[in-house]
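Q: Residue numbers for the sequence shown follow our numbering, so the first one is 3 and each next one is one higher.
Dropping the structure in here first, questions after.
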Amino acid sequence: MLAVLLLSAAPSIAQTPAGRGVEHLSGSASYTFPYFRLFLPDPYVVLYDAYGIIAKDIDFMPAEDSQIIGAITTDPFQSPFRFELSMPYSGRGEALDVDNDDVADTGVQIYVVAVTSNTWDSPFLERRDDYVTGIINSAVISSDIDSFLEFQRGTLMVYAEDGEQAFPSGRGVDGVLFTDDDPSMPVEAGWSMIDITAEPFTINRSTIASMDLLEAEEAELTDFSTLSYTDAFNAMIDHLSREYAFTAYKHIDWEAKRAEFLPRVEEAQRNRSSLAFRRALRDLAWSIPDGHVSGPSVLEDFQRDVSGGLGFVLRELDDGSVIVSYLSPGGAAQTGGIVVGDRILSIDGEPIGQAVSEVVPYTGSFSTPHTLRLEQLRFVHRRPIGTPAKLTIQHADGTELTTSLTTMLDSDSFLAAALNGPLSGTELPVEFRVDPSTGYGIISIYSFSDDLPLTVALWERALSQARYSELPGLIIDIRRNGGGSGFLGDQLPAYFFDESIVIGNTAEYSESRQDFAINPLLEDRFILPPEDRRYDGPVAVLISPDCASACESFAWAMSLEGRAAIVGHYPTAGLGGSVVPISMPDGATFNYTHSRAVDAEGNINIEGIGVRPTVRVPVTEESVLSSRDVLLEAAISYLAGNRPIPADAAAGGVASGGEIEIGQPVTGEVSPGGRIQYQLIARAGQKLDIVVLGDGALARGLAVRLLLPGDSRPLDESYALSPGEPGAGFLGLAIPSDLALIIEVEAISPAVGGTFTLTVRESE
Numbered sequence: 003m004l005a006v007l008l009l010s011a012a013p014s015i016a017q018t019p020a021g022r023g024v025e026h027l028s029g030s031a032s033y034t035f036p037y038f039r040l041f042l043p044d045p046y047v048v049l050y051d052a053y054g055i056i057a058k059d060i061d062f063m064p065a066e067d068s069q070i071i072g073a074i075t076t077d078p079f080q081s082p083f084r085f086e087l088s089m090p091y092s093g094r095g096e097a098l099d100v101d102n103d104d105v106a107d108t109g110v111q112i113y114v115v116a117v118t119s120n121t122w123d124s125p126f127l128e129r130r131d132d133y134v135t136g137i138i139n140s141a142v143i144s145s146d147i148d149s150f151l152e153f154q155r156g157t158l159m160v161y162a163e164d165g166e167q168a169f170p171s172g173r174g175v176d177g178v179l180f181t182d183d184d185p186s187m188p189v190e191a192g193w194s195m196i197d198i199t200a201e202p203f204t205i206n207r208s209t210i211a212s213m214d215l216l217e218a219e220e221a222e223l224t225d226f227s228t229l230s231y232t233d234a235f236n237a238m239i240d241h242l243s244r245e246y247a248f249t250a251y252k253h254i255d256w257e258a259k260r261a262e263f264l265p266r267v268e269e270a271q272r273n274r275s276s277l278a279f280r281r282a283l284r285d286l287a288w289s290i291p292d293g294h295v296s297g298p299s300v301l302e303d304f305q306r307d308v309s310g311g312l313g314f315v316l317r318e319l320d321d322g323s324v325i326v327s328y329l330s331p332g333g334a335a336q337t338g339g340i341v342v343g344d345r346i347l348s349i350d351g352e353p354i355g356q357a358v359s360e361v362v363p364y365t366g367s368f369s370t371p372h373t374l375r376l377e378q379l380r381f382v383h384r385r386p387i388g389t390p391a392k393l394t395i396q397h398a399d400g401t402e403l404t405t406s407l408t409t410m411l412d413s414d415s416f417l418a419a420a421l422n423g424p425l426s427g428t429e430l431p432v433e434f435r436v437d438p439s440t441g442y443g444i445i446s447i448y449s450f451s452d453d454l455p456l457t458v459a460l461w462e463r464a465l466s467q468a469r470y471s472e473l474p475g476l477i478i479d480i481r482r483n484g485g486g487s488g489f490l491g492d493q494l495p496a497y498f499f500d501e502s503i504v505i506g507n508t509a510e511y512s513e514s515r516q517d518f519a520i521n522p523l524l525e526d527r528f529i530l531p532p533e534d535r536r537y538d539g540p541v542a543v544l545i546s547p548d549c550a551s552a553c554e555s556f557a558w559a560m561s562l563e564g565r566a567a568i569v570g571h572y573p574t575a576g577l578g579g580s581v582v583p584i585s586m587p588d589g590a591t592f593n594y595t596h597s598r599a600v601d602a603e604g605n606i607n608i609e610g611i612g613v614r615p616t617v618r619v620p621v622t623e624e625s626v627l628s629s630r631d632v633l634l635e636a637a638i639s640y641l642a643g644n645r646p647i648p649a650d651a652a653a654g655g656v657a658s659g660g661e662i663e664i665g666q667p668v669t670g671e672v673s674p675g676g677r678i679q680y681q682l683i684a685r686a687g688q689k690l691d692i693v694v695l696g697d698g699a700l701a702r703g704l705a706v707r708l709l710l711p712g713d714s715r716p717l718d719e720s721y722a723l724s725p726g727e728p729g730a731g732f733l734g735l736a737i738p739s740d741l742a743l744i745i746e747v748e749a750i751s752p753a754v755g756g757t758f759t760l761t762v763r764e765s766e
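Written as structure tokens, this is what we have:
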């Protein structure tokens, strides 16, 4: 009877051939991860030492000679795919004594089989491969902050030098593997495949063993596509209310969103209207001020509502003027007598600034006011084809003209309105050239979502040429980079640093806490390349609002410690997090931000803010109408002068001016590109004028922003009190409630600083 009890409690052991256990693995991997091709462009399987995971040593790196590379034998971009891996005769990893018998033993080596991709250097895993927890592994490894690096289910490969070793047979009372209360079971010499999904754990020592690889839970596609419209919508709102990264930051009331849009979804279901369903999802996305949030495009509405235009491109200057910067050949504006440089004063009798503010662009959503404003300028004259419009314009000689135009089919001005123009589609992800007149190297990074190994190879080649040629400086152009791999955006700047400084971290949703949490073990830190691959010369980075997401991570990292001058007219797009899709009925997709980027202190540093220029080039008539690349010229000028970046301009830095009282003007001094913040206590019902006047060349070179304490997003900003006039600020500002305000004054020119006077007074 005792023998029967002992046998029933023993682990299940597959038929064991004589020899050293498992010699060959084969199996399959299924996945739903939507970005598999981006993050695993050259996939393969590898057996690696899990010592660092079990020891909770995030810095542990498996030795190359302990890694065994296998082969993917079917198309990896079609799920499921198959793989094979031949086991080595012996393990070369780090042994762990995990039998809890209080006797020092040789221990066992514990391995995971993972799918990875070779992005950096040799095919073996290295620190920059960011493989820990992974996307597809033989065992699911938790990334939740409260169970970080715990093995949850799946299979492990275990190697024992002899038959005297043991391995846990279960998780013990605490339910956590590799802790002191784990029961143990003997393992034979050689290789064993141990299934840790159910207890007691089972051992397979078949010479040829079958193993299925598992997708990490956080990589799985959220899929509501098989549900009805209403069920899918409600499931999506429930999901977003938990896992959208900026609910509190952006003051999103998800139940209010449900109440607003559910009736439209219910009507779409009653009418079986896929179009109405897609419109509801699109409009929900537009209602959330986050450039990572998007619903399905509704091309029918775009073609109907905004395919007509007046054939011009508008730009808003720092002084508030709106001018024509481009005319479509044969377009309504050109045939109607409008010329480049004309100022638009009103449209359909409404002041142009107000008309722009009322536009809902069809390219939403937007995380920052400046990106929204630029797209509103793009769409302000776009209407259905054949729609009349009345414009009041001012010519360069000061004469005004009111003219009536009719919209025409106009794709030309829509494309021309892009700040940096369209790409050809044939660009490599990284391109390099040397400016012949200055000798500066110019590296253009067009994407972090192209072939990642190629991107790294081209990047290293460009820097190698810069070092070999001893170029006096580098200009990195990321003005047309829409993002992609945030890890690449973080780590390419490491080539310009000599210390592994902390870049920031990421707040992820924690199932255990039902809230977002920042894991200090996962802080983003530069992983330095070999010293002979780094560049130590001066650097300038060109940015624009078309630099988004991972591109902004790059710009942020380059701004740290003043390493590079950040040159631009505007901040970047302000998309600070990673985006994932939700699959919805009828092939629709809803994208949302599921993690948030923070700085080294845990503060939101990009979302809703963007990376600001440390060398801001003013938006003037000359800069807008110039055929030259004025931002490139500004970067060259900056590098040639080799001016240090002001301390109050680097990496979002800002000086404090202290408190300001109503009716008591203060004077301040700001460096070129610098910012100073003042604190104001305002009371409910007050109407205030906030006016800043600069001295000398600074008279038309100041910006004023209003912020709330602890929030980097401007409530409003002003570059001019009125178009063409000196000074900036706000007149008749109504204060809705008692509040503390931050008034920020910035010298917007990279070359002009000086003194100014800031006045806050009761409006007359």
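We put the beta carbon where it would ideally sit given N, CA and C, even for glycine.
Cutting at 6 angstroms between CB atoms, please list the residues of its own chain near Tyr511, excluding the five before and the five after it.
A: These residues qualify, in order along the chain: Glu245, Phe518.
Q: Spatial neighbours of Ser739 within its chain, please: C-beta separation below 7 angstroms, excluding the five flanking residues on both sides.
A: Ala686.
Q: Can you have a look at Asp479 and say buried or exposed, based on whether 16 or more other CB atoms are within 10 angstroms of its CB?
A: Asp479 should be labelled buried.
Q: Is the Cβ-Cβ distance between Ser194 and Pro185 less than 8 angstroms?
A: No, Cβ-Cβ distance for Ser194 and Pro185 is not below 8 angstroms.
Q: Is it buried or exposed, Gly95, if we count other Cβ atoms within 10 angstroms and call 16 or more buried?
A: The residue is buried, with at least 16 neighbouring Cβ atoms inside 10 Å.
Q: What residue from Ala699, Ala599, Leu411 has the CA that sits closest to Asp307's CA?
A: Minimum Cα distance to Asp307 is reached at Leu411.
Q: Below 8 angstroms on the Cβ atoms is my guess for Ser415 versus Phe314; work out the distance and round it to an integer in Å.
A: About 6 angstroms separates the two Cβ atoms, so the contact holds.
Q: To the nearest angstrom, how far is the alpha carbon of Ala459 from that of Ser275?
A: Rounded to whole angstroms, Ala459 to Ser275 spans 48 angstroms at the Cα level.
Q: Is it right to say Asn302 is buried, meaning 16 or more other beta carbons lie within 10 angstroms of its own, or is it exposed?
A: A small fix is needed here, since residue 302 is Glu in this sequence, not Asn. Per the 10 Å Cβ criterion, exposed.
Q: Just tell me which of Val100, Ser30, Asn102 has its CA closest to the CA of Glu86.
A: Nearest C-alpha to Glu86: Ser30.
Q: At what residues does the alpha helix (DSSP H) containing Tyr231 begin and finish?
A: Where Tyr231 is concerned, the enclosing alpha helix (DSSP H) stretches over 231-245.
Q: Find out if the Cβ-Cβ distance for the pair Val189, Val160 is shorter than 8 angstroms.
A: Contact: yes.
Q: Evaluate contact between the stretch 585-593 and the stretch 553-571, counting only Cβ atoms and requiring at least three cross-stretch pairs below 8 angstroms.
A: With the cut-off at 8 angstroms, the stretch 585-593 and the stretch 553-571 do not touch.
Q: Just how far apart, CA to CA, sit Phe35 and Arg129?
A: Straight-line Cα distance between these residues: approximately 23 angstroms.
Q: Taking DSSP's pairing of strands, which residues face Asp526 in a bridge?
A: Answer by DSSP bridge pairing, in chain order: Gly506.
Q: Terminal residues of the continuous alpha helix (DSSP H) containing Gln688?
A: Neither: Gln688 is in no alpha helix (DSSP H) and is coded neither H nor E.
Q: Counting only the same chain and skipping the five closest in sequence on each side, list residues whose C-beta sits under 6 angstroms from that of Ile210.
A: Once the five neighbours on either side are set aside, the close Cβ partners of Ile210 are His26.
Q: Would you tell me roughly how many angstroms separate the C-alpha atoms of Val324 and Leu379, rounded to the nearest one?
A: Their Cα atoms are separated by approximately 9 angstroms.
Q: Should Thr204 and Arg155 be called a contact, given that it needs their Cβ atoms to be closer than 8 angstroms?
A: Against a cut-off of 8 angstroms, the Cβ pair of Arg155 and Thr204 comes out as no contact.
Q: Quick one: grab the DSSP three-state call for Trp288.
A: Trp288 falls in the helix class under three-state DSSP.
Q: Enumerate in chain order the residues of its own chain whose CB-to-CB distance from Thr761 is below 6 angstroms, with the five nearest sequence positions on each side excluded.
A: The residues are Pro667, Val693.
Q: State the start and end residues of the unbroken beta strand (DSSP E) segment that holds Ser348.
A: Segment 345-349, the beta strand (DSSP E) holding Ser348.
Q: Classify Ser724 as helix, strand or coil using the three-state DSSP reduction.
A: Looking at Ser724 - three-state DSSP - the assignment turns out to be coil, as it is neither helix nor strand.
Q: DSSP state of Phe592, grouped into three classes?
A: Note: Phe592 maps to strand in three-state DSSP.
Q: For Val178, which of Trp256, Ser149, Ser546 has the nearest alpha-carbon?
A: Checked all of Trp256, Ser149, Ser546; the closest Cα to Val178 is Ser149.
Q: Classify Gly311 as buried or exposed, calling it buried when 16 or more other Cβ atoms lie within 10 Å of its own Cβ.
A: It is buried - the Cβ of Gly311 has at least 16 other Cβ atoms within 10 Å.
Q: Within its chain, find whatever has a CB closer than 6 angstroms to the CB of Gly475; leave out the 5 residues flanking it on each side and keep chain order.
A: Excluding residues within five positions, the ones whose Cβ falls inside 6 angstroms are Tyr442, Gly539, Pro540, Leu641.
Q: Do Ser227 and Ser585 count as a contact pair if the criterion is CB distance below 8 angstroms?
A: Yes, Cβ-Cβ distance for Ser585 and Ser227 is below 8 angstroms.
Q: Using DSSP with H/G/I as helix, E/B as strand and the rest coil, what is Gly491?
A: In the structure shown, Gly491 sits in a helix (DSSP, three-state: H, G or I).
Q: Entirely within the stretch 105-192 and at least 3 residues each: give me those beta strand (DSSP E) ranges in chain order.
A: Segments of the beta strand (DSSP E) lying fully in the stretch 105-192: 110-119, 141-143, 153-162, 167-170, 186-189.
Q: Answer with buried or exposed for Ile638, where buried requires no fewer than 16 other C-beta atoms within 10 angstroms of its C-beta.
A: Ile638 comes out buried.
Q: Suppose you measure from the CA of Glu429 to the CA of Ser446; what does that come to, to the nearest Å?
A: So the two alpha carbons sit approximately 10 angstroms from each other.
Q: Could you compute how far the alpha carbon of Pro353 sits from the alpha carbon of Thr394?
A: Their backbone Cα atoms lie some 9 angstroms apart in a straight line.
Q: Relative to the C-alpha of Ile196, which residue among Asp132, Tyr37, Val24 is closest?
A: The residue with the shortest Cα to Cα distance from Ile196 is Val24.
Q: In whole angstroms, give me the CA-to-CA distance for Thr373 and Pro547.
A: In a straight line, the C-alpha of Thr373 is about 6 angstroms away from that of Pro547.
Q: Per DSSP, what kind of secondary structure is Glu719 in: helix, strand or coil?
A: DSSP places Glu719 in strand when its eight states are reduced to three.
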